[in-house]
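K.L.:
Chains as they are written, first to last, in our numbering: chain H, 34 to 241; chain X, 34 to 241.
Every residue gets a Cβ at the ideal spot worked out from N, C-alpha and C, and that includes glycine.
Got a structure for you, written out below as structure tokens; questions coming shortly.
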DNA sequence: GCTCGAACTGCACCTATGGTACAGTATACC
DNA sequence: GGTATACTGTACCATAGGTGCAGTTCGAGC
């Protein structure tokens, strides 16, 4: 299900998106100049506008690509976790551990979340890009909420909590953890936050 | 200790900073044009450059102002919490509740954190601004770590946790909660995340 | 071997914006 | 009356996003 790195040479469009993603996460969208992009990829300005109608069209493609990659990764992790344990709570805890491990291994320091990056440059994007970003957040909510629903059926929580906001907590910790990681240039910060979420879930639902 | 809104008319410099903060949080730094700023405040471009050497100088002033306001707010909250209870754990829990309430009351939806906004527009700022942002995060770590140190002396945690990352968790949830609030246009998201942090602290340290 | 569409190049041109430089001015305080 | 503060006005430059359009290269299908 997970294709890691296909060998066929990336298309110009794909290379533009890849470079744009790196630049947007480091400099912000407005500071990411088309001129730098085409210089990096080795095409002309006309070539760029052949692939993308304008800069916002690039942003839209960037968001879509990011959200799809994201979903694929999470699907992979929690499918594996479901294989390893049938119980909803323990399977979820395993999934969170796998998630933390993945965030610890892949990058030097996490390059960032496109959906979060958009939020602080809101008005620089059109409505479609903004709504894609919000959809991404709601997908995470739905995804984690599904796990939590299965857990509460079997394990009563020690404190009464709102399950939507408990699901959102994972997004908040991921986005916040990424910001801290980037600010402090410490790649351990993000996985540590995921493990705190895991602790909280354990303390909330695991019987004594 | 807390001066809410002084009545004397704000100086031009102050009005520039106030407007710039709003614009940076909504559109990003690069998209915040000096032209719009001076139009909003009613001065000329020369007037702007009288107050700020260049755009990065504005960014530096913005960060400093934001961090100072931030510290003042947190000082106020936890000083009040210390007044209300002597015990380190309960005083901290009270402080977190006050913090959540403040985040619920003040704004329609939280306008954003300048320090976090900088992180996703990293290379658009000079080294000084970036380092101010990181200092802000470390100040939060130190601040919350102090509370946690006092708590662990009296209450052994149920799970062995790293106290620095537990202190960082508050920053992560605040920054992540703000992003979610802004993305979903829901002002309840941020206070809900603070209350989850409070729950986690309770479950970790409060004796059964 | 020809046609056609995809994936570009090249050039011309317009506008907005950040930024520099510098001379001049209104007002308040000393 | 002098000086500092807080500006205005004018002129000018480089870079960037963006538009428009004509021309080119190249591989696949007929």
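If you measure beta-carbon to beta-carbon, which residues of the segment 158-174 of chain H are closer than 7 Å to chain X?
P.N.:
Listed by position, the residues of the segment 158-174 of chain H near chain X (Cβ gap below 7 Å) are 166, 167 and 170.
K.L.:
Starting from the beta carbon of residue 232 of chain X, find every residue of chain H whose beta carbon is closer than 8 Å, and list them in chain order.
P.N.:
For the purposes of this step, residue 232 of chain X is identified with residue 199 of the second chain, where counting begins at 1. Simply 192, 194, 233 and 237.
K.L.:
State the DSSP-derived secondary structure class of residue 123 of chain H, mapped to helix, strand or coil.
P.N.:
Along the first chain, read from residue 1 onward, the residue named residue 123 of chain H stands at position 90. Residue 123 of chain H: helix per DSSP, three-state reduction.
K.L.:
For residue 226 of chain H, I'd like the list of residues in its chain whose CB is within less than 6 Å of its CB, leaving aside the five on either flank, ordered along the chain.
P.N.:
Taking the first chain and counting its residues from 1, one reaches residue 226 of chain H at position 193. Answer for residue 226 of chain H: 206 and 210, listed in chain order.
K.L.:
Under DSSP, the alpha helix (DSSP H) around residue 57 of chain H begins and ends at which residues?
P.N.:
If you number the first chain from 1, residue 57 of chain H lands on position 24. Element bounds for residue 57 of chain H: 45-60.
K.L.:
Can you name, in chain order, every residue of its own chain whose Cβ lies under 8 Å from the Cβ of residue 240 of chain H, other than the five neighbours on each side?
P.N.:
For this step, residue 240 of chain H is matched to residue 207 along the first chain. Counting only Cβ-Cβ distances below 8 Å, and skipping sequence neighbours, we find 188.
K.L.:
Write down the C-beta distance between residue 191 of chain X and residue 236 of chain H rounded to the nearest angstrom, noting that I regard them as a contact closer than 8 Å.
P.N.:
For the purposes of this step, residue 191 of chain X is taken as residue 158 along the second chain, with counting starting at 1. For the purposes of this step, residue 236 of chain H is taken as residue 203 along the first chain, with counting starting at 1. Their Cβ separation, rounded to whole angstroms, is 6 Å, which keeps residue 191 of chain X and residue 236 of chain H in contact under 8 Å.
K.L.:
What residues from chain X crowd round residue 145 of chain H, counting only those whose CB sits closer than 7 Å?
P.N.:
The residue you call residue 145 of chain H lines up with position 112 of the first chain. Simply 153.
K.L.:
Quick check: residue 91 of chain H and residue 50 of chain H, are their CB atoms within less than 9 Å of each other?
P.N.:
As a working note, residue 91 of chain H is residue 58 in the first chain. As a working note, residue 50 of chain H is residue 17 in the first chain. A contact, by the Cβ cut-off of 9 Å.
K.L.:
Please work out which residues of its chain come closer than 7 Å, Cβ to Cβ, to residue 73 of chain H, disregarding the five sequence neighbours upstream and downstream, and give them in chain order.
P.N.:
Position 40 of the first chain, counted from the start, is the residue given in the question as residue 73 of chain H. Closer than 7 Å at Cβ, skipping near neighbours: 52.
K.L.:
With the cut-off set at 9 Å, would you say residue 131 of chain X and residue 148 of chain X are in Cβ contact?
P.N.:
What you label residue 131 of chain X is simply residue 98 of the second chain in a count that begins at 1. What you label residue 148 of chain X is simply residue 115 of the second chain in a count that begins at 1. Cβ distance not < 9 Å, so residue 131 of chain X and residue 148 of chain X don't count as in contact.
K.L.:
Cβ of residue 34 of chain X less than 9 Å from any chain H Cβ?
P.N.:
Sequence index remark: in the second chain, residue 34 of chain X carries index 1 (1-based). Note that residue 34 of chain X scores a pLDDT of 38, beneath 50, so its modelled location is shaky; the value from the coordinates is reported in the next line. No, its Cβ sits nowhere closer than 9 Å to a Cβ of chain H.
K.L.:
So which residues on chain X does residue 212 of chain H lean against when the C-beta distance must stay under 7 Å?
P.N.:
Mapped onto the first chain, residue 212 of chain H falls at position 179. Residues of chain X passing the Cβ test: 149, 152 and 208.
K.L.:
Throw me the rounded Cβ distance for the residue 56 of chain X and residue 65 of chain X pair, which I believe falls under 8 Å.
P.N.:
Walking along the second chain from the start, residue 56 of chain X turns up at place 23. Walking along the second chain from the start, residue 65 of chain X turns up at place 32. Rounded, the Cβ-Cβ distance is 4 Å, consistent with contact.
K.L.:
Just the Cα atoms here: how many angstroms apart are residue 106 of chain X and residue 117 of chain X?
P.N.:
As a first step, residue 106 of chain X must be located in the second chain, where it is residue number 73. As a first step, residue 117 of chain X must be located in the second chain, where it is residue number 84. If I take the Cα positions, the gap works out to 17 Å.
K.L.:
Suppose the cutoff is 6 Å on Cβ atoms and the five residues either side in sequence are ignored; what does the same chain contact list for residue 133 of chain X look like?
P.N.:
Within the second chain, the letter at position 100 stands for residue 133 of chain X. Excluding residues within five positions, the ones whose Cβ falls inside 6 Å are 224, 227 and 228.
K.L.:
Can you tell me which of H/95, H/218, H/177 and H/238 puts its alpha carbon nearest to the alpha carbon of residue 110 of chain H?
P.N.:
By 1-based counting over the first chain, the position of residue 110 of chain H is 77. For residue 110 of chain H, the nearest C-alpha among the options comes from H/177.
K.L.:
Using a Cβ-Cβ distance under 9 Å, would residue 61 of chain H count as near chain X?
P.N.:
Mapped onto the first chain, residue 61 of chain H falls at position 28. With 9 Å as the cut-off, residue 61 of chain H counts as an interface residue toward chain X.
K.L.:
Closer than 8 Å by beta-carbon distance: list the chain X residues that pair up with residue 217 of chain H, in chain order.
P.N.:
Position 184 of the first chain, counted from the start, is the residue given in the question as residue 217 of chain H. What residue 217 of chain H touches in chain X: 167, 170 and 171.
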